[in-house]
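Asks: In the numbering used here, the protein residues as written are 1454 to 1948. Take a look at the following structure, please.
Given below as structure tokens:
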């Protein structure tokens, strides 16, 4: 993941546990975080929504809360298709499936071509072959996974001494000869307490820089491989994968993530004396593959040229089946289209459902959409992205002018009926809609309970059982109501 995305997680999930508790008992006005230095003062809500639109929003909300369509979509993507890493056969199958489903909903379908990386995970083994207190003729297995984009070790592996550092400063303080020829472990912990307080994104943002930048930092000082402590809160010795990146000014060295338990083991043994590891990682970077962003439009009845994006990403990492990251986001976006069509509603603006390809290891789908549509940004009325799992929603994140909250007050009142009427102003909403954010398009996402999300994120435990059907339906309600409200506003959003 590029370092620039660090603030994404600080912005989106910087919502403390107190906000979740407050959402159960206070008015939406009290759960709003205003932009810094905002001088906005209370004023009467302007007439933005017709009585019919408000009635339709309530119908949408009730229909979403009782629908199992989104859950069935997640189940098919996670169970029937499985992990959907860019370039894989499963990713290609998921494109075909979502395209057929959107067409069945009556959407105008477009498959927009994008070339995506095709990285394939190989053998992943590691063992401590020398360590203090070792019994004769024994080793200790280390549980790990390769990081996305990692280069391979030689086929017979690398055997080298391990050194551990907590952060970049500690690494830089070491003489080069203390690092050269060794395997470096960055032991920067994911803050579970912060996550338990509802600030998992902030904890993730602090730790993820070691996944993205650690390998090149270690290579600059002569390391032969780099390991990181997994970026996430999983227990039970589960490693978290994720994308790394290689700087142009450093050699590419193999990179992996060890479990939190194995990181603790290594650190303890290194404190006692020299430790050697045999590490084997055999991933392959194959030629890029043709894939697609899957796009389904419900054309607007009055302003078809004006577009509201409703989206999630279709690709996933390959260890689990990508249920929470991000079949859920795709499914709730599809649910919005399903319910609007099922209730025979007529959005005034075009609602565009997008299942993005290659969010996890390259953002090629987002970048290609930006290239193809940048001349249309003035007609992109708003953009929504759901990429934070499927936890209980308490409101909406907003990137845009503070006046937007006032304009959406009637919508927030509808959402508050299911406890989702809060607002939070964020610096950044989502990686896939970032080109639109930069162009000034107002952006939105559900505020979700993220306390448990990072326990499963990018692990083999990202599976269908982590989806709570009721909470998924609540997310569908937020996305559907907001999408239709934006499509039927009687005045534009400020930019």
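Just so it is clear, CB atoms sit at the ideal spot from N, CA and C, and this is done for glycine as well. Since this is a predicted model, take the numbers as computed values, not measurements.
Count the C-beta pairs between the stretch 1812 to 1831 and the stretch 1880 to 1894 that are closer than 8 Å, then say yes if the count reaches three, no if not.
Replies: In short, these stretches touch, since the Cβ pair count reaches three.
Asks: Got a sec? Which residues, its chain only, sit under 6 Å from residue 1908 by beta carbon, not counting five neighbours each side?
Replies: As a first step, residue 1908 is located in the chain shown; it is residue number 455 there, counting from the start. These residues qualify, in order along the chain: 1686, 1687.
Asks: Under 8 Å between C-beta atoms, does residue 1500 make it to chain B?
Replies: Of the protein chains in the structure, only one exists, and it is not chain B.
Asks: Would you call the CB atoms of residue 1804 and residue 1938 closer than 8 Å?
Replies: What you label residue 1804 is simply residue 351 of the chain shown in a count that begins at 1. What you label residue 1938 is simply residue 485 of the chain shown in a count that begins at 1. No. Outside cutoff.
Asks: Once DSSP output is grouped into helix, strand and coil, what is the label at residue 1845?
Replies: Reading the chain shown from its first residue, position 392 is the one you call residue 1845. Note: residue 1845 maps to coil in three-state DSSP.
Asks: Sort 1677, 1860, 1846, 1895 by Cα distance to residue 1872 and report the nearest one.
Replies: As a first step, residue 1872 must be located in the chain shown, where it is residue number 419. Of the candidates 1677, 1860, 1846, 1895, the one whose C-alpha sits nearest the C-alpha of residue 1872 is 1846.
Asks: Are at least three pairs of beta-carbons, each pair with one atom in the stretch 1544 to 1555 and one in the stretch 1572 to 1583, less than 8 Å apart?
Replies: With a cut-off of 8 Å, the stretch 1572 to 1583 and the stretch 1544 to 1555 do not count as touching, because too few Cβ pairs lie within range.
Asks: Do the stretch 1924 to 1939 and the stretch 1498 to 1513 make contact, defined as three or more Cβ pairs closer than 8 Å?
Replies: Yes, the stretch 1924 to 1939 touches the stretch 1498 to 1513.
Asks: What's the C-alpha gap between residue 1942 and residue 1694?
Replies: Taking the chain shown and counting its residues from 1, one reaches residue 1942 at position 489. Taking the chain shown and counting its residues from 1, one reaches residue 1694 at position 241. Their backbone Cα atoms lie some 42 Å apart in a straight line.
Asks: Compare the beta carbon distance of residue 1834 and residue 1851 with 8 Å and say whether it is the shorter of the two.
Replies: Mapped onto the chain shown, residue 1834 falls at position 381. Mapped onto the chain shown, residue 1851 falls at position 398. No. Outside cutoff.
Asks: Comparing C-alpha positions only, which one of 1843, 1836, 1538 sits nearest to residue 1897?
Replies: Here residue 1897 refers to the residue found at position 444 when the chain shown is read from its first residue. Selected option, being the one with the closest Cα: 1836.
Asks: Going by DSSP in three states, residue 1751 sits in which element: helix, strand or coil?
Replies: Numbered from 1 along the chain shown, position 298 holds the residue referred to as residue 1751. Note: residue 1751 maps to strand in three-state DSSP.
Asks: Is residue 1831 helix, strand or coil when you go by DSSP?
Replies: Here residue 1831 is taken as the residue at index 378 of the chain shown, counted from 1. If DSSP states are grouped into helix, strand and coil, residue 1831 belongs with the helices.
Asks: Answer with buried or exposed for residue 1454, where buried requires no fewer than 16 other C-beta atoms within 10 angstroms of its C-beta.
Replies: Indexing the chain shown from 1 puts residue 1454 at position 1. Model confidence at residue 1454 stands at a pLDDT of 37, short of 50, so the residue's coordinates are unreliable and nothing is read from them.
Asks: The alpha helix (DSSP H) spanning residue 1506 covers which residue range?
Replies: Stepping through the chain shown from its first residue, residue 1506 is reached at position 53. Counting along the chain, the alpha helix (DSSP H) containing residue 1506 begins and ends at 1504 to 1518.
Asks: From the DSSP output, in three-state form, read off residue 1639 for me.
Replies: Working through the chain shown from its first residue, we reach residue 1639 at position 186. Reduced to three states, the DSSP call for residue 1639 is strand.
Asks: Find out if the Cβ-Cβ distance for the pair residue 1677, residue 1719 is shorter than 8 Å.
Replies: Counting from one through the chain shown, the residue named residue 1677 turns up at place 224. Counting from one through the chain shown, the residue named residue 1719 turns up at place 266. Not a contact, by the Cβ cut-off of 8 Å.
Asks: Using the three-state DSSP reduction, which class does residue 1949 fall into: helix, strand or coil?
Replies: Look at the range of the chain in this structure, 1454 to 1948, and you will see that residue 1949 is not part of it.
Asks: Per DSSP, what kind of secondary structure is residue 1887 in: helix, strand or coil?
Replies: Here residue 1887 is taken as the residue at index 434 of the chain shown, counted from 1. Helix.
Asks: In angstroms, rounded to a whole number, what distance separates the CA positions of residue 1532 and residue 1918?
Replies: Working through the chain shown from its first residue, we reach residue 1532 at position 79. Working through the chain shown from its first residue, we reach residue 1918 at position 465. About 10 Å.
Asks: So, residue 1951 versus residue 1929, is the Cβ gap smaller than 8 Å?
Replies: The first residue shown for the chain is 1454 and the last is 1948, placing residue 1951 beyond what the model contains.
Asks: Consult DSSP for residue 1836 and reduce its assignment to one of helix, strand or coil.
Replies: The residue you call residue 1836 lines up with position 383 of the chain shown. It is a strand residue.
Asks: What residues in its chain sit with their C-beta under 6 Å from that of residue 1644, if we drop five residues either side in the sequence?
Replies: Along the chain shown, one-based indexing puts residue 1644 at 191. Excluding positions up to five away in sequence, the list reads 1656.
Asks: What residue from 1905, 1801, 1630 has the CA that sits closest to residue 1451's CA?
Replies: Any property of residue 1451 remains undetermined from this structure, which presents the chain solely from 1454 to 1948.
Asks: If I follow the unbroken alpha helix (DSSP H) through residue 1695, where does it start and stop?
Replies: Counting from one through the chain shown, the residue named residue 1695 turns up at place 242. Taken as a continuous stretch (DSSP letters only), residue 1695 belongs to no alpha helix (DSSP H), as it is neither H nor E.
Asks: Can you tell me which residues form a DSSP beta bridge with residue 1899?
Replies: Along the chain shown, one-based indexing puts residue 1899 at 446. For residue 1899, which the question treats as bridged, DSSP gives the partners 1849.
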